[in-house]
Amino acid sequence: MRGAAETYELVYLGVAKRFRGRGLAGRLLRHGMARVHARGGKRLLLAVDDRNEPAVSLYRSLGFRATARKLAMIRSTSNR
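Going letter by letter, the sequence shown gives residues 207 to 286 in the numbering used here.
Shown next, in the form of structure tokens:
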């Protein structure tokens with residue numbers, strides 16, 4: 207594919223609580239991985255909270271590995 211990106215980024219993947227435990231996240235992620243591959247992508251990046259053990263386990267089972275650790279800091283902009 208002309209002009210295809212080599213690296214893609216998964217920004218967010220979430221499954222509502224009532225639908226968890228059914229394998230949906232894995233199916234969605236495998237579908238996304240197939241789409242990246244079909245477009246000629248070489249890498250798929252994502253970020254996950256390392257305390258989210260189900261997500262970390264899923265990502266590892268699909269061949270993802272940790273490459274960096276970052277600290278996210280968030281501050282509300284609302285007046286208090």
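By construction, the Cβ of each residue, glycine as well, lies at the ideal position given by its N, Cα and C atoms.
### Query
The beta strand (DSSP E) with TYR214 in it runs from where to where?
213-216
### Query
Around the Cβ of ALA272, are there at least 16 other Cβ atoms within 10 angstroms (buried) or fewer (exposed)?
exposed
### Task
Mind checking who ARG249 pairs with in its DSSP beta bridge?
THR213
### Task
Report the rounded CA-to-CA distance for ARG266 versus LEU252, giving the unit in angstroms.
12 angstroms
### Message
Can you tell me whether MET207 is buried or exposed? The criterion is at least 16 other CB atoms within 10 Å of its CB, across all chains shown.
### Response
Its pLDDT being 49, under 50, MET207 is placed unreliably by the model, and nothing is read from it.
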